[in-house]
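Undergrad:
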Amino acid sequence: MVAREEIARFWSLESLHVVSSDGGTESSALVDDNGSEEDFSYEELCQANPRYLQPGGEQLAINELIGDGSVVCAEALWDHVTMDDQELGFKAGDVIQVLDASNKDWWWGRNEDKEAWFPASFVRLRVNQEEPPESSSSGHGEEQEGGVDPSPHKHAESKQQMRTNVIQEIMSSERVYIKHLKDICEGYIRQCRKHTGMFTVAQLATIFGNIEDIYRFQRQFLKDLEKKYNKEEPHLSEIGSCFLQHDYGDIKAAYEAMKKVACLINERKRKLESVNKIAQWQVSIVGWEGRNILDRSSELIHSGELTCFTKQGKSQQRMFFLFDHQLVSCKKDLLRRDMLYYKGRVDMDQMDIVNVEDGRDKDWNLSVRNAFKLLSRTTDEVHLFCARKQEDKARWLQACADERRQVQEDREMGMEISENQKKLAMLNAQKARQGKAKGYGSRPAAPLPQSLHPLHQRHVTVPPSVPQQQVFALAEPKQKPSLFWHTFHKLTPFRK
20 MVAREEIARF
30 WSLESLHVVS
40 SDGGTESSAL
50 VDDNGSEEDF
60 SYEELCQANP
70 RYLQPGGEQL
80 AINELIGDGS
90 VVCAEALWDH
100 VTMDDQELGF
110 KAGDVIQVLD
120 ASNKDWWWGR
130 NEDKEAWFPA
140 SFVRLRVNQE
150 EPPESSSSGH
160 GEEQEGGVDP
170 SPHKHAESKQ
180 QMRTNVIQEI
190 MSSERVYIKH
200 LKDICEGYIR
210 QCRKHTGMFT
220 VAQLATIFGN
230 IEDIYRFQRQ
240 FLKDLEKKYN
250 KEEPHLSEIG
260 SCFLQHDYGD
270 IKAAYEAMKK
280 VACLINERKR
290 KLESVNKIAQ
300 WQVSIVGWEG
310 RNILDRSSEL
320 IHSGELTCFT
330 KQGKSQQRMF
340 FLFDHQLVSC
350 KKDLLRRDML
360 YYKGRVDMDQ
370 MDIVNVEDGR
380 DKDWNLSVRN
390 AFKLLSRTTD
400 EVHLFCARKQ
410 EDKARWLQAC
420 ADERRQVQED
430 REMGMEISEN
440 QKKLAMLNAQ
450 KARQGKAKGY
460 GSRPAAPLPQ
470 SLHPLHQRHV
480 TVPPSVPQQQ
490 VFALAEPKQK
500 PSLFWHTFHK
510 LTPFRK
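Be aware that the sequence shown starts at 20, since it is given in this note's numbering, and climbs by one per residue.
#1: Cutting at 8 Å between CB atoms, please list the residues of its own chain near V100, excluding the five before and the five after it.
#2: According to DSSP, is H321 helix, strand or coil?
#3: Using the C-alpha atoms, what's the distance from L84 back to G259?
#4: Find out if the Cβ-Cβ distance for the pair L144, A93 is shorter than 7 Å.
#5: So, with DSSP's three-state summary, where would you put V294?
#6: Check whether chain D comes within 7 Å of A80, counting only Cβ atoms and requiring the distance to be less than that.
#7: Which word fits D377, buried or exposed, when buried means at least 16 other C-beta atoms lie within 10 angstroms of its C-beta?
#8: By a C-beta neighbour count over all protein chains shown, 10 Å radius and 16 as the cutoff for buried, is Q489 buried or exposed?
#9: Ignore the nearest five residues each way along the sequence and tell me which others in T215's own chain have a CB closer than 6 Å to its CB.
#10: Quick check: what's the CA-CA separation for N184 versus K279?
#11: Under a Cβ-count criterion, where at least 16 other Cβ atoms within 10 Å of its own Cβ denotes burial, should N122 be classed as buried or exposed?
#12: Kindly indicate the opening and closing residues of the beta strand (DSSP E) around I115.
#13: In this structure, does DSSP put M190 in helix, strand or coil?
#14: For M277, is the classification buried or exposed, using 16 other Cβ atoms within 10 angstroms of its Cβ as the cut-off for buried?
#15: Three-state secondary structure (DSSP) at F339?
#16: Run the CB neighbour count on G128, radius 10 Å, all protein chains shown included, and call it buried at 16 or more, exposed below.
#17: Buried or exposed: I523, going by 16 or more other Cβ atoms within 10 Å of its Cβ?
#18: Note down the Cα distance separating A418 from I320, rounded to an integer number of angstroms.
#19: Kindly give me the distance between the Cβ atoms of H254 and I186, rounded to whole angstroms, as I take these residues to be in contact under 8 Å.
#20: Roughly how far, in whole angstroms, is the beta-carbon of S322 from the beta-carbon of D343, given that I think they are within contact range, below 8 Å?
#21: Could you say which of V373, V387, D368 lies nearest to E422 if we only look at CA atoms?
#22: Starting from A135 and walking both ways along the beta strand (DSSP E), at which residues does that stretch end?
#23: Which one of E252, A281, I297 has the shortest CA to CA distance from G181?
#24: With C-beta atoms as the reference, is K247 less than 7 Å away from S256?
#25: Quick check on the DSSP output: the alpha helix (DSSP H) that includes K250 runs from which residue to which?
#26: Using alpha carbons as the reference points, say which of I372, A448, T397 lies closest to L416.
#27: Are the region 357-366 and the region 433-441 touching, with three or more C-beta to C-beta distances below 8 Å?
#28: Can you tell me where the beta strand (DSSP E) holding V375 begins and where it ends?
#29: So is Y234 buried or exposed if we call it buried at 16+ other beta carbons inside 10 Å?
#30: Can you tell me the Cα-Cα spacing of E245 and Q239, whole angstroms?
#31: What are the residues that DSSP puts in a beta bridge with D352?
#32: Should W126 and A111 be called a contact, given that it needs their Cβ atoms to be closer than 7 Å?
#33: Please report how far the alpha carbon of I203 lies from the alpha carbon of N229, in whole angstroms.
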């Protein structure tokens with residue numbers, strides 16, 4: 020029974036860790052942060068029964084249990100399909116009773132009512148050998164305890180023992196694993212670095228990889244396990260908290276940072292495209308005054324026609340363009356509606372937008388509809404605007420709110436267009452404008468005096484303000500020779 024208590028704790032095909040016969044475990048020193056833990060060897064953990072560590076020790080332990088009359092069960096890891104009557108077929112998850120384990124590769128066992136050989140590599144010995152096999156036959160169940168179910172107290176002890184086995188398996192595996200890592204990091208790697216002529220830094224990085232990072236993590240992990248491990252009652256150890264220290268917060272923060280960088284790159288690319296369009300728009304405006312629009316703005320948010328009022332109460336129809344930081348006012352040409360004249364701008368950073376109800380405005384003493392105001396925070400400057408429809412007014416109010424939000428987001432993201440990019444955009448726009456008609460806002464130079472009448476000139480100089488498509492080259496009309504004398508002889512003679 021003592022051997023059963025010893026061996027049942029460490030059922031594993033990879034390693035069989037043995038503890039002392041009195042049920043206690045070998046203690047090990049806690050690992051400090053500097054990695055100066057006491058040396059502990061695998062032999063010290065298993066000094067109670069070293070014969071189980073020799074080749075074939077696992078089969079020896081199993082056969083001793085079987086010889087004592089104990090029931091040894093194994094759980095199938097994979098399906099074993101066979102057409103041979105001398106082989107035992109089973110499915111993954113089936114519980115097989117091991118009857119003979121003297122052979123290393125093939126064991127003799129029972130599954131349901133059939134006994135036959137099965138491959139040992141297809142099964143895993145159960146951790147808790149006290150638990151009766153679930154798939155045992157009814158006849159086999161009658162042989163055990165006369166078919167009487169175990170008492171609740173015995174069942175509780177079985178659960179506690181199974182939990183104890185699992186916890187001790189985890190502790191032993193981690194202790195042996197940290198020892199192996201220590202041998203590699205403090206033994207091999209340290210010596211290799213001392214002999215620089217044998218290994219280069221690149222070769223060491225290729226051979227050992229990040230094993231030192233793993234070693235540092237495992238030292239801290241084992242230290243946390245030792246703190247939670249209950250030596251007196253291992254089944255009460257609360258080691259689950261050591262596995263719940265996820266790095267989700269750090270991973271989420273890294274993901275958000277990368278996402279922010281990607282959004283910043285996409286936004287900057289979109290801004291550059293918008294800057295080029297704004298530069299082309301500015302060079303098309305006649306009579307532009309003041310600073311370039313790109314000095315403060317980088318995106319067009321909204322545009323449309325509004326009716327603005329002067330201080331004298333006179334209404335003016337204007338075309339307004341809302342950029343970030345400023346609102347630009349233009350006037351359409353009477354003949355060419357696609358031509359705009361610059362009329363002014365409003366600094367949106369100093370303005371508050373106010374919704375105006377339909378009716379008579381007290382400040383302006385005017386009857387207005389679909390109106391809103393821009394009030395300066397620092398001066399007495401006030402601007403009154405009226406839209407044609409209620410929907411247009413709602414769009415302008417929303418656009419002004421979007422403009423303030425866009426400015427705040429650009430400030431938080433650090434979105435700025437460099438001066439070189441702005442100058443390059445304006446230069447490209449001006450080059451694209453070359454070869455076309457000059458702006459109508461500048462007064463054309465007087466034409467040179469001409470000695471001949473325009474009808475007697477081969478080429479005529481016209482004012483440069485006239486559109487190119489309306490310029491015609493005037494010249495002397497050519498007189499074609501008359502064909503009358505050539506066809507005179509062919510004419511019909513006159514009759515009397």
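By construction, the Cβ of each residue, glycine as well, lies at the ideal position given by its N, Cα and C atoms.
TA: So, from the data block:
#1: Here residue 100 refers to the residue found at position 81 of the sequence shown. Same-chain partners within the cutoff: G108.
#2: The residue you call residue 321 lines up with position 302 of the sequence shown. In this structure, H321 counts as strand in the three-state DSSP scheme.
#3: For this step, residue 259 is matched to residue 240 along the sequence shown. For this step, residue 84 is matched to residue 65 along the sequence shown. C-alpha separation (whole angstroms): 32 Å.
#4: One-based indexing of the sequence shown puts residue 144 at position 125. One-based indexing of the sequence shown puts residue 93 at position 74. The beta carbons of L144 and A93 sit closer together than 7 Å.
#5: Taking the first residue of the sequence shown as 1, we reach residue 294 at position 275. Helix.
#6: In the displayed structure, chain D is absent; only one protein chain is listed.
#7: Looking up residue 377 in the sequence shown gives position 358. D377 comes out exposed.
#8: The residue you call residue 489 lines up with position 470 of the sequence shown. Reliability fails at Q489, whose pLDDT of 44 lies under 50, so the model's placement of it is uncertain and the value that follows must be treated cautiously. Flag for Q489 reads exposed.
#9: Position 196 of the sequence shown, counted from the first residue, corresponds to residue 215. Counting only Cβ-Cβ distances below 6 Å, and skipping sequence neighbours, we find nothing.
#10: Within the sequence shown, residue 184 is the residue found at index 165, counting from 1. Within the sequence shown, residue 279 is the residue found at index 260, counting from 1. One C-alpha to the other measures close to 48 Å.
#11: Residue 122 sits at position 103 when you count from the first residue of the sequence shown. Within a 10 Å sphere around the beta-carbon of N122 sit fewer than 16 other beta-carbons, which makes this residue exposed.
#12: In the sequence shown, the residue the question calls residue 115 occupies position 96. Counting along the chain, the beta strand (DSSP E) containing I115 begins and ends at 114-119.
#13: What you label residue 190 is simply residue 171 of the sequence shown in a count that begins at 1. Helix.
#14: Counting from one through the sequence shown, the residue named residue 277 turns up at place 258. Around the Cβ of M277, a 10 Å sphere holds fewer than 16 other Cβ atoms; the residue is exposed.
#15: For the purposes of this step, residue 339 is identified with residue 320 of the sequence shown, where counting begins at 1. If DSSP states are grouped into helix, strand and coil, F339 belongs with the strands.
#16: Taking the sequence shown and counting its residues from 1, one reaches residue 128 at position 109. It counts as buried.
#17: Residue coverage of the chain in this structure runs from 20 to 515, which leaves residue 523 outside it and unanswerable.
#18: Position 399 of the sequence shown holds residue 418. Position 301 of the sequence shown holds residue 320. So the alpha carbons of these two residues sit roughly 7 Å apart.
#19: Within the sequence shown, numbered from 1, the residue matching residue 254 stands at position 235. Within the sequence shown, numbered from 1, the residue matching residue 186 stands at position 167. Between H254 and I186 the beta-carbon gap is near 7 Å, inside 8 Å, which marks them as a contact.
#20: Against the sequence shown, residue 322 aligns to sequence position 303. Against the sequence shown, residue 343 aligns to sequence position 324. About 13 Å; that fails the 8 Å criterion.
#21: The sequence position of residue 422 within the sequence shown is 403, counting from 1. Selection V373, V387, D368 evaluated against E422 yields D368 as nearest (Cα-Cα).
#22: Within the sequence shown, residue 135 is the residue found at index 116, counting from 1. Element bounds for A135: 133-138.
#23: Against the sequence shown, residue 181 aligns to sequence position 162. Note on residue identity: the sequence assigns Met, not Gly, to residue 181. Closest in alpha carbon position to M181, among E252, A281, I297, is E252.
#24: Position 228 of the sequence shown, counting from 1, holds the residue named residue 247. Position 237 of the sequence shown, counting from 1, holds the residue named residue 256. In this structure, the beta-carbon distance from K247 to S256 falls below 7 Å.
#25: Indexing the sequence shown from 1 puts residue 250 at position 231. Here K250 belongs to no alpha helix (DSSP H), and DSSP marks it neither H nor E.
#26: Counting from 1 along the sequence shown, the entry for residue 416 is found at position 397. Sorting I372, A448, T397 by C-alpha distance to the C-alpha of L416 places I372 at the top.
#27: Taking a cut-off of 8 Å for Cβ pairs, the region 357-366 and the region 433-441 do not touch, as fewer than three such pairs fall below it.
#28: Residue 375 sits at position 356 when you count from the first residue of the sequence shown. Element bounds for V375: 370-375.
#29: Taking the first residue of the sequence shown as position 1, residue 234 is located at position 215. Around the C-beta of Y234, 16 or more other C-beta atoms lie within 10 Å, and the residue is accordingly described as buried.
#30: As a first step, residue 245 must be located in the sequence shown, where it is residue number 226. As a first step, residue 239 must be located in the sequence shown, where it is residue number 220. So the alpha carbons of these two residues sit roughly 10 Å apart.
#31: In the sequence shown, counting from the first residue as 1, residue 352 sits at position 333. Answer is none; D352 lacks a bridge partner.
#32: Locating residue 126 in the sequence shown gives position 107, where the first residue counts as 1. Locating residue 111 in the sequence shown gives position 92, where the first residue counts as 1. The answer is no: Cβ separation not under 7 Å.
#33: Reading the sequence shown from its first residue, position 184 is the one you call residue 203. Reading the sequence shown from its first residue, position 210 is the one you call residue 229. Cα-Cα distance, rounded: 12 Å.
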